[in-house]
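Colleague: The opening position of the sequence shown corresponds to residue 1 in this note's numbering, with each subsequent residue numbered one higher.
Beta carbons: idealized from backbone N, C-alpha and C, even for Gly.
Quick one: the structure is below, questions incoming.
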Amino acid sequence: MTRTHALFSSLLLGAALALAGCDQPESDAQGLPDDRAKQENAQQRVLAGKVMYRERMAMPPQATVTVTLADVSRMDAPARMIAEQQIDNPGNVPVPFALRYDKSFADNDHPMAYAVRAEIRDGDGRLLWTTTQRHTVELGDKEANRNITVMLERVADSASAQPVTDKAQAKADGASFWATGNEPGWHLAVYPEERLVFVWDYGNSSMTTPNPGAKTEGAETIYMATTETGALKVEISEQDCEDVMSGEAFPYQVKVTRNSTLYSGCGQDL
């Protein structure tokens, strides 16, 4: 064999070995991370849909849409958030969303125990649109959850949307206890030996009663008041509580019953 032929044969052998190396699947070296990603995806499901409102108007610049999925199966406890998506500068409606949640929730014994809510705030954090009714979803039925529509209601102008009291003002006015909750937004202020002020429907409705004095039943503190407009029952339990929307921690779980309507939330001493 000549020198030229030997060199050519060596080049062919090197090229063949290089091609053989290229044929090895990349997953041999990176199979484990890929497998873990596939397993994680297999454990997740997606609840997709869009957020809408009826007004023919654009959102302000720097608006934010927040969509949450919560477990609302327990009427005697605050809702537990299991998925959330925040969309900054969404433009105009409809605003698409995709909430990822663990598929174990779809195996719940109470498949209709989940609700979606949404809100739109401006760049200063002021509430502009929000859900005013519970939007129940069935996680166990993929078809029923495909491209759901969450309709929002516009909040009144800022001048009239201010609640009767806020926490700072309530404290300045002498309130000793404050509670708040969602679905729909509400808050309660307790003024010692004076009154109870309950505000619901995101500040659009309110009820003031004389403070009847607190009663203790086991680990609960209870107020029961009656006025011409109806009855108000407040139950305060010393148990850790987390606000679903803000994530703020509170030392008390609170239930407020206005006539026959129950509101669940969290509370704190002022």
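Can you list, in chain order, the residues of its chain with a C-beta nearer than 7 Å to that of His135? Leave out the 5 residues immediately preceding and following it.
Modeller: Position 135 of the sequence shown, counted from the first residue, corresponds to residue 135. So the qualifying residues of the chain are Ala115, Val116, Arg117 and Val150.
Colleague: Terminal residues of the continuous beta strand (DSSP E) containing Ala113?
Modeller: Against the sequence shown, residue 113 aligns to sequence position 113. No beta strand (DSSP E) holds Ala113; DSSP gives it neither H nor E.
Colleague: Taking the straight line between their C-alpha atoms, what separation do you get for Val155 and Thr221?
Modeller: Here residue 155 is taken as the residue at index 155 of the sequence shown, counted from 1. Here residue 221 is taken as the residue at index 221 of the sequence shown, counted from 1. Roughly 33 Å separates the two Cα atoms.
Colleague: Could you give the residue range of the beta strand (DSSP E) that holds Lys50?
Modeller: Against the sequence shown, residue 50 aligns to sequence position 50. That run of the beta strand (DSSP E) goes Gln44 to Tyr53.
Colleague: Would you mind stating whether Leu152 and Tyr101 have Cβ atoms separated by less than 9 Å?
Modeller: Sequence index remark: in the sequence shown, residue 152 carries index 152 (1-based). Sequence index remark: in the sequence shown, residue 101 carries index 101 (1-based). For Leu152 and Tyr101, no; Cβs fall outside 9 Å.
Colleague: What are the start and end residues of each continuous alpha helix (DSSP H) run of 4 or more residues lying completely inside the segment 187-240, in chain order?
Modeller: Entirely contained in the segment 187-240, not one alpha helix (DSSP H) run reaches 4 residues.
Colleague: By the three-class DSSP mapping on this structure, what secondary structure does Ala175 have?
Modeller: Your numbering for residue 175 matches position 175 in the sequence shown. In this structure, Ala175 counts as coil in the three-state DSSP scheme.
Colleague: What is the C-beta distance between Leu69 and Ile82, in whole angstroms, given that I count them as a contact (C-beta under 8 Å)?
Modeller: Here residue 69 refers to the residue found at position 69 of the sequence shown. Here residue 82 refers to the residue found at position 82 of the sequence shown. Their Cβ separation, rounded to whole angstroms, is 6 Å, which keeps Leu69 and Ile82 in contact under 8 Å.
Colleague: Run through the DSSP bridge pairs and tell me what Gly181 is partnered with.
Modeller: The residue labelled residue 181 in the question sits at position 181 within the sequence shown. In the DSSP output, where bridge partners are listed per residue, Gly181 has Trp186 and Gly265.
Colleague: Please determine, among Gly181, Val46, Tyr202 and Val93, the residue with the shortest C-alpha to C-alpha distance to Thr130.
Modeller: Here residue 130 is taken as the residue at index 130 of the sequence shown, counted from 1. Checked all of Gly181, Val46, Tyr202 and Val93; the closest Cα to Thr130 is Tyr202.
Colleague: Let me make sure I understand the geometry here. Which of Gln85, Val93 and Cys266 has the alpha-carbon closest to that of Trp186?
Modeller: For the purposes of this step, residue 186 is taken as residue 186 along the sequence shown, with counting starting at 1. Nearest C-alpha to Trp186: Cys266.
Colleague: Apart from the five residues just before and just after Glu194, which ones in its own chain have a Cβ nearer than 8 Å to its Cβ?
Modeller: Locating residue 194 in the sequence shown gives position 194, where the first residue counts as 1. Here the set comprises Gly174, Pro210 and Asn211.
Colleague: By how many angstroms is the C-alpha of Gln62 removed from the C-alpha of Ala179?
Modeller: Reading the sequence shown from its first residue, position 179 is the one you call residue 179. Reading the sequence shown from its first residue, position 62 is the one you call residue 62. One C-alpha to the other measures close to 30 Å.
Colleague: What number of angstroms, rounded off, separates the C-alpha of Gly123 from the C-alpha of Thr64?
Modeller: For this step, residue 123 is matched to residue 123 along the sequence shown. For this step, residue 64 is matched to residue 64 along the sequence shown. About 7 Å.
Colleague: Rounded to whole angstroms, what's the CA-CA distance from Lys167 to Asn182? Just pull it up for me.
Modeller: For the purposes of this step, residue 167 is taken as the residue at position 167 of the sequence shown. For the purposes of this step, residue 182 is taken as the residue at position 182 of the sequence shown. Their backbone Cα atoms lie some 15 Å apart in a straight line.
Colleague: Are the beta-carbon atoms of Gln44 and Val67 separated by less than 9 Å?
Modeller: Here residue 44 is taken as the residue at index 44 of the sequence shown, counted from 1. Here residue 67 is taken as the residue at index 67 of the sequence shown, counted from 1. No, Cβ-Cβ distance for Gln44 and Val67 is not below 9 Å.
Colleague: Measuring only the C-alpha atoms, how far is Ser260 from Gly213?
Modeller: As a position in the sequence shown, residue 260 is number 260, starting the count at 1. As a position in the sequence shown, residue 213 is number 213, starting the count at 1. The straight-line gap from Cα to Cα measures roughly 21 Å.
Colleague: Throw me the rounded Cβ distance for the Leu270 and Phe177 pair, which I believe falls under 8 Å.
Modeller: On the sequence shown, position 270 is the one that residue 270 refers to. On the sequence shown, position 177 is the one that residue 177 refers to. Leu270 to Phe177, Cβ: 6 Å. Contact.
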